[in-house]
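>
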Amino acid sequence: MNNAIEIKELSLSIEGRSILENISFGLGEIGIACLLGPSGCGKTSLLRCIAGFEELNNGEVWIKGVIASKPNHHLPVEQRNIGMVFQDYVLFPHMSVTENIIFGLKDQRVARTKERLDELIELFALEKHTKKYPHQLSGGQQQRVALARAMAPRPGVFC
Amino acid sequence: MIFKNFSKSFYSLLNLNFSLLKFSRLNLTLILLALFFCIPVVIVCGSLFFPAKDIWTHLIDTVLTDYIFNSLALLIGVGFFSLLLGVIPAWLVTMYQFPMSRYLEWAILLPMSMPAYIIAYSYTGTFDAAGPVQTMMRELTGWEYNDYWFPEVRSLGGAIAMLSLVLYPYVYLLARASFIEQSICVLEVSRTLGCSAMDAFRRVALPLARPAIIVGLSLVLMETLADYGTVQYFGVSAFTTGIFRTWFGMDNSLVAAQLSAILLLFVVVFLYLERRSRKQLAFHHTSNRYSPLLKQKLKSSSAFFAFVICFAPLLFGFILPASFLGEWAISTYSEALDIDFYILLLNSLSLAFITALLALVIALFLGYMNRNSHLFINRFLVRFISLGYAIPGTVIAVGVLIPFAWFDNRLDEFLTLHFNFSSGLLISGTLFILIFAYLVRFLAVSINTVEAALEKIKPEMDEVAKTAGMSHVNIMRRIHIPIMRGSLLTALLLVFVDVLKELPATLILRPFNFNTLAVRTFELANEERLAEAAVPALAIVIAGIIPVIMISNSISRSRPGYE
Numbered sequence: 001m002n003n004a005i006e007i008k009e010l011s012l013s014i015e016g017r018s019i020l021e022n023i024s025f026g027l028g029e030i031g032i033a034c035l036l037g038p039s040g041c042g043k044t045s046l047l048r049c050i051a052g053f054e055e056l057n058n059g060e061v062w063i064k065g066v067i068a069s070k071p072n073h074h075l076p077v078e079q080r081n082i083g084m085v086f087q088d089y090v091l092f093p094h095m096s097v098t099e100n101i102i103f104g105l106k107d108q109r110v111a112r113t114k115e116r117l118d119e120l121i122e123l124f125a126l127e128k129h130t131k132k133y134p135h136q137l138s139g140g141q142q143q144r145v146a147l148a149r150a151m152a153p154r155p156g157v158f159c
Numbered sequence: 160m161i162f163k164n165f166s167k168s169f170y171s172l173l174n175l176n177f178s179l180l181k182f183s184r185l186n187l188t189l190i191l192l193a194l195f196f197c198i199p200v201v202i203v204c205g206s207l208f209f210p211a212k213d214i215w216t217h218l219i220d221t222v223l224t225d226y227i228f229n230s231l232a233l234l235i236g237v238g239f240f241s242l243l244l245g246v247i248p249a250w251l252v253t254m255y256q257f258p259m260s261r262y263l264e265w266a267i268l269l270p271m272s273m274p275a276y277i278i279a280y281s282y283t284g285t286f287d288a289a290g291p292v293q294t295m296m297r298e299l300t301g302w303e304y305n306d307y308w309f310p311e312v313r314s315l316g317g318a319i320a321m322l323s324l325v326l327y328p329y330v331y332l333l334a335r336a337s338f339i340e341q342s343i344c345v346l347e348v349s350r351t352l353g354c355s356a357m358d359a360f361r362r363v364a365l366p367l368a369r370p371a372i373i374v375g376l377s378l379v380l381m382e383t384l385a386d387y388g389t390v391q392y393f394g395v396s397a398f399t400t401g402i403f404r405t406w407f408g409m410d411n412s413l414v415a416a417q418l419s420a421i422l423l424l425f426v427v428v429f430l431y432l433e434r435r436s437r438k439q440l441a442f443h444h445t446s447n448r449y450s451p452l453l454k455q456k457l458k459s460s461s462a463f464f465a466f467v468i469c470f471a472p473l474l475f476g477f478i479l480p481a482s483f484l485g486e487w488a489i490s491t492y493s494e495a496l497d498i499d500f501y502i503l504l505l506n507s508l509s510l511a512f513i514t515a516l517l518a519l520v521i522a523l524f525l526g527y528m529n530r531n532s533h534l535f536i537n538r539f540l541v542r543f544i545s546l547g548y549a550i551p552g553t554v555i556a557v558g559v560l561i562p563f564a565w566f567d568n569r570l571d572e573f574l575t576l577h578f579n580f581s582s583g584l585l586i587s588g589t590l591f592i593l594i595f596a597y598l599v600r601f602l603a604v605s606i607n608t609v610e611a612a613l614e615k616i617k618p619e620m621d622e623v624a625k626t627a628g629m630s631h632v633n634i635m636r637r638i639h640i641p642i643m644r645g646s647l648l649t650a651l652l653l654v655f656v657d658v659l660k661e662l663p664a665t666l667i668l669r670p671f672n673f674n675t676l677a678v679r680t681f682e683l684a685n686e687e688r689l690a691e692a693a694v695p696a697l698a699i700v701i702a703g704i705i706p707v708i709m710i711s712n713s714i715s716r717s718r719p720g721y722e
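Heads up: the sequence lines are chains A and B, in that order. Just so we're aligned: the first sequence equals residues 1 to 159 in the numbering used here. Just so we're aligned: the second sequence equals residues 160 to 722 in the numbering used here.
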């Protein structure tokens with residue numbers, strides 16, 4: 001298992017309806033993959049299986065060499081170390097830009113958190129918006145905040 | 160037609176005069192409506208300008224400290240327990256599956272149909288020294304009355320418990336509606352960022368639901384301040400009992416109205432805090448994506464604790480008191496269920512429904528006025544109308560009765576003098592005045608709920624609809640109402656149940672030969688005929704149950720993306 005993500009014969013049904021059937025593929029450690037397909041073919045469902053939002057009927061999901069999902073085994077979402085940016089960003093509306101970005105940082109040391117925050121704010125050019133709330137940002141700015149938030153905890157896999 | 164033309168001219172005239180202030184016809188309608196609804200509040204507040212120094216000196220020397228201390232203790236106690244009993248079960252039934260969770264999600268609302276004074280009668284009749292529990296205990300142990308300690312039901316603590324048990328559903332209802340309407344995506348994002356389910360609740364779901372929870376809490380606190388039946392029966396000296404005592408015991412309506420004005424100060428503080436926190440947390444959904452809410456299945460001990468947490472308020476707030484009432488009702492139903500009883504039932508239901516519907520229509524009008532206009536005067540008037548909720552029913556009744564009786568008498572004098580015709584009590588002896596008093600009292604419930612719902616609709620949604628050529632009516636019909644449906648039904652239910660249980664205003668303002676279930680229950684219980692009071696009391700409870708179930712189902716379906 002040298003791949004960052006390894007999917008083996010994955011099948012998913014929701015309320016008796018088959019959504020995904022017998023999917024297998026692997027993604028290397030350093031790489032960018034693109035999932036293409038017509039609407040309703042199951043792209044989002046597959047990503048939700050990898051992230052751990054759905055429990056599988058059959059097959060396996062391996063992340064960084066660790067079994068994450070298989071029937072009767074389900075590693076909780078928060079333990080998979082996966083960063084995700086949702087289609088419409090889903091920023092926390094009650095938090096400022098800064099609070100959104102540091103939301104996932106577990107390190108209790110203030111200096112470390114501040115260092116990572118500054119790094120991401122500079123990377124995404126958000127210096128002027130740190131105290132703003134999501135509804136005060138444009139669509140592009142919201143997208144950058146969502147990316148910074150997902151990258152902040154340094155996830156092993158980024159979706 | 161003549162009236163219509165006259166109205167148009169009247170409005171045009173007023174519009175002309177106020178054109179410099181940029182007032183529209185709707186603004187004027189709002190002002191006229193507010194003036195009408197403010198009559199009782201103005202009378203209560205106006206009482207402060209009339210001196211009554213002697214009686215106040217007497218009150219300060221004797222009971223005023225008790226009124227203040229007990230009222231504050233009630234507010235803190237009932238507020239705390241209502242939050243505890245309302246928010247945690249709301250989260251558990253929304254997010255998790257455990258034994259009976261499908262039934263508990265609506266059953267937790269059942270205590271709402273139980274008036275506080277009825278639950279107080281029920282617990283007192285069962286747990287006081289002469290009740291079956293202590294009697295059985297003494298028989299089993301051979302103890303005498305003073306040989307043991309038993310929690311005193313008729314006490315400040317007892318009043319806090321009784322009020323919390325019947326008022327927590329306000330918090331539950333609004334918290335659950337808010338949890339259901341939250342985008343599941345924000346919770347999923349928090350999980351990908353390393354939050355456990357508990358953390359996601361604490362850091363994301365709870366802060367997002369805070370405006371709705373504060374609205375629920377403010378309703379609970381205002382109900383607590385307005386309660387009379389429970390504190391009177393338990394002998395707790397609070398502001399409301401003080402008002403009644405001053406009014407009927409000392410025959411001084413002026414000082415009673417002045418005490419009510421002090422009560423209003425408490426409410427102004429709650430309303431200010433509520434508005435402030437709403438403004439600070441005026442969240443809009445940042446995601447329009449909704450996936451079906453998949454509940455997590457709890458196992459073994461977690462499932463058991465979740466069940467206990469959700470079942471306990473239902474057991475103590477509904478099942479036990481309803482069982483006590485049921486037992487009494489079985490022994491008296493054959494005499495109680497006559498034609499008079501069905502007339503009482505019809506009177507109560509029709510009054511409650513008409514008032515709830517009117518309150519909703521008026522609240523929608525006021526809510527939209529506030530949303531579409533930035534005039535300070537509009538916001539101020541709506542807040543002023545909302546104050547009626549905290550005023551005890553009796554004070555509202557007198558605040559309504561005095562001006563209408565004055566109008567009736569002046570009209571009668573005029574007609575008798577000029578036309579030799581007596582009009583009698585044209586308004587003050589009819590159902591109109593009663594419904595008006597209910598609206599003054601309960602309009603705040605509808606306004607709070609409708610405004611909380613309107614805050615969830617992004618202004619951009621209106622803009623998109625306008626670019627698609629939609630009229631205001633169509634925007635409301637096709638966008639706003641479907642989104643707000645759950646909240647609108649909640650507003651309807653809250654007022655319906657409140658009116659069904661309302662007692663003091665009905666007692667004073669009902670027309671001759673017109674009675675309701677609540678009044679009949681009070682009359683019987685006041686004469687310590689608890690067994691006979693059980694049938695009309697249970698009827699109030701049962702009538703309240705049906706809309707409780709309906710609203711719970713509607714809230715579940717109101718979530719955008721519900722399948």
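Note that CB positions come from ideal geometry on N, CA and C, so glycine has one too.
B:L367 touches chain A at which residues, Cβ-Cβ below 9 Å?
In chain order: F92, P93 and H94.
> Would you verify that the beta carbon of A:A68 is, or is not, closer than 8 Å to some beta carbon of chain B?
Cβ-Cβ to chain B under 8 Å: no for A:A68.
> For A:L12, which residues from the same chain have a beta carbon less than 7 Å from its beta carbon, with the 5 sequence-adjacent residues on both sides left out?
For A:L12, where only same-chain residues beyond five positions count, the Cβ hits under 7 Å are I19, L20, S45, C49, E54, L56 and N57.
> What three-state label does DSSP hand A:I14 in the structure shown?
Residue state, collapsed to three classes: strand.
> Using the C-alpha atoms, what's the distance from B:L519 back to B:D499?
Cα to Cα, B:D499 sits roughly 31 Å from B:L519.
> At a CB-CB cut-off below 7 Å, which residues of chain B make contact with A:F53?
Simply E347.
> Identify the contact partners of B:L353 in chain A, using a Cβ-Cβ distance below 7 Å as the criterion.
It is Gly, not Leu, that sits at residue 353 of chain B in the sequence shown. Simply E78, G104, K106 and P153.
> Does A:C41 pass the burial test, meaning 16 or more other C-beta atoms within 10 Å, or should it be called exposed?
With fewer than 16 Cβ atoms within 10 Å of its Cβ, A:C41 is classed as exposed.
> Does the beta-carbon of B:W265 have 16 or more other beta-carbons within 10 angstroms, so that it is buried, or is it exposed?
That one is buried.
> Count the other CB atoms, across all protein chains shown, that sit within 10 Å of the CB of B:K212; report buried if there are 16 or more and exposed otherwise.
Classification for B:K212: exposed.
> Can you give me the C-alpha to C-alpha distance between B:R313 and B:T383, rounded to a whole angstrom?
Whole-angstrom Cα-Cα distance: 17 Å.
> What residue does the alpha helix (DSSP H) around B:N506 start on, and which one ends it?
Start and end: I498 to N531.
> For B:V246, which residues in chain A fall below 7 Å Cβ to Cβ?
Here the premise fails: no neighbours, minimum Cβ distance about 16 Å.
> Using a Cβ-Cβ cutoff of less than 8 Å, which residues in the same chain neighbour B:I468 once the five nearest sequence positions on both sides are dropped?
Result list for B:I468: I247, P248 and L251, in chain order.
> Going along chain B, which residues have a C-beta under 7 Å from A:I82?
Simply T351.
> Determine the chain A residues that contact B:V363 at a beta-carbon separation under 7 Å, and present them in chain order.
Going along chain A in sequence order, the residues near B:V363 (Cβ under 7 Å) are F92.
> Does the CB of B:D499 have a neighbour CB from chain D at under 8 Å?
Reference to chain D is not applicable here, since the protein chains of this structure are A and B.
> Would you mind working out which of B:I561, B:F535, B:T285 and B:L668 sits nearest B:L479, comparing C-alpha positions?
Residue B:T285 is the option with its Cα nearest to B:L479.
> Between B:P199, B:T514, B:G401 and B:G408, which lies nearest to B:L659 when the distance is taken from Cα to Cα?
If we check each option's Cα against that of B:L659, B:T514 comes out closest.
> Can you list, in chain order, the stretches of the alpha helix (DSSP H) that have 4 or more residues and sit fully within the stretch 2–84 of chain A?
The stretch 2–84 of chain A contains these whole alpha helix (DSSP H) runs: 43–51.
> Are B:G388 and B:A511 closer than 8 Å when you measure CB to CB?
No.
> How would you call B:A416, buried or exposed, if buried means at least 16 neighbouring beta carbons within 10 angstroms?
That one is buried.
> Near B:P562, what residues of its chain come up, given a Cβ to Cβ distance below 6 Å and the 5 sequence neighbours on each side ignored?
Answer for B:P562: I198, listed in chain order.
> How would you call B:F165, buried or exposed, if buried means at least 16 neighbouring beta carbons within 10 angstroms?
Because B:F165 carries a pLDDT of 39, less than 50, the predicted location of this residue cannot be relied on, and the following value inherits that uncertainty. Exposed: under 16 other Cβ atoms inside 10 Å.
> Let me check one thing: in DSSP terms, what residues is B:K625 bridge-paired to?
Answer by DSSP bridge pairing: none, since B:K625 is not bridged.
> Return the chain-ordered list of same chain residues with a C-beta closer than 7 Å to the C-beta of A:P71, the five sequence neighbours on each side being excluded.
Once the five neighbours on either side are set aside, the close Cβ partners of A:P71 are L56, N57 and N58.
> Does the distance from the C-beta atom of A:V157 to that of A:I30 stay below 8 Å?
No, the pair does not count as a contact, with Cβ atoms beyond the cut-off.
> Could you spell out the range, first to last residue, of the alpha helix (DSSP H) harbouring B:P370?
Counting along the chain, the alpha helix (DSSP H) containing B:P370 begins and ends at L365 to A385.
> Out of B:L662, B:L574 and B:Y307, point me to the one whose CA is closest to B:I277's CA.
Nearest C-alpha to B:I277: B:L662.
> Given a threshold of 16 other Cβ atoms within 10 Å of its Cβ, counted over all protein chains shown, does B:R669 qualify as buried or as exposed?
Label assigned to B:R669: buried.
> Should B:W406 go down as buried or exposed, given a rule of 16 or more other Cβ atoms within 10 Å for buried?
When all chains shown are included, B:W406 counts as buried.
> Answer with buried or exposed for A:V110, where buried requires no fewer than 16 other C-beta atoms within 10 angstroms of its C-beta.
Per the 10 Å Cβ criterion, exposed.
> Between the alpha carbons of B:M409 and B:I214, how many angstroms are there, rounded?
Each residue's alpha carbon lies about 9 Å from the other.
> Measure from the alpha carbon of B:I701 to the alpha carbon of each residue in B:Y331, B:L504, B:G628 and B:L602, then state which is nearest.
Answer by Cα proximity: B:L504.
> If B:L473 sits next to B:L263, beta carbons under 8 Å apart, how far is it from one beta carbon to the other, in whole angstroms?
About 7 Å separates the two Cβ atoms, so the contact holds.
> Output needed for B:F477: all residues of its chain with C-beta closer than 7 Å, excluding positions within five of it in sequence on either side, in chain order.
Cβ neighbours of B:F477 beyond the five flanking positions: L269, P270 and M273.
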